[in-house]
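Here is the structure we will look at, set down as structure tokens.
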Amino acid sequence: MIPECPRSSETRSRTRCQGAELTQTRSGLLSEIKTPIKTEPFNEHYSLIPGKELGRGKFAVVKKYVEKQTGKEYAAKFMRKRRKGQDCRLEIVHEIAVLELATASPWVINLHQVYETASEMILVLEYAAGGDL
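Anchor point for the sequence shown: position 124 equals 124 in UniProt numbering, and the numbering is continuous, going up by one each time.
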């Protein structure tokens, strides 16, 4: 879950987390990610499985997709970049950074890819069948 957009100055500080140096904004959000953000059309690479909405929140919808090239199933989280008239891209980048930090944990869903459109960012996540979030 991404918190609503807190506004603060963009002063940056450095922090260490398990040997990796991370850049944080003054509000404590991580701002550097390793996963490339793709801008090509998402639907060229993934097909929606009809009727498979996995979840819906205030600012995001999660749907089940299949990667066309491999046939593997993924959960695609569509997140609006603007909320209540404010740009919240930094909060989404923070969520991506947290998912990257948790890749070694067997208890956290893995991030596969990230796409960006004019109005939203799409996080392609590991699909965990049969469970509740």
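Don't be surprised by glycine CBs; every beta carbon is placed ideally from N, CA and C.
- The closest CA to that of Ile49, considering only Lys58, Glu67 and Ile33, is found on Glu67.
- The C-beta distance from Lys77 to Leu125 rounds to 6 Å, short enough to fall under 8 Å.
- Under DSSP, Tyr65 forms a beta bridge with Leu48 and Tyr74.
- Following the DSSP letters along the chain, one finds Ile122 inside the beta strand (DSSP E) bounded by residues Glu120 to Glu126.
- Lys34 is positioned such that its CB atom lies closer than 9 Å to that of Glu100.
- Cβ-Cβ distances below 7 Å link Leu111 to Thr35, Ile96, Leu99, Glu100, Leu123 and Leu125 in the same chain, with the five nearest sequence neighbours on each side left out; the list follows chain order.
- Within 10 angstroms of the beta-carbon of Lys84 lie fewer than 16 other beta-carbons, which makes it exposed.
- In the DSSP assignment, the residues bridged to Leu111 are Leu125.
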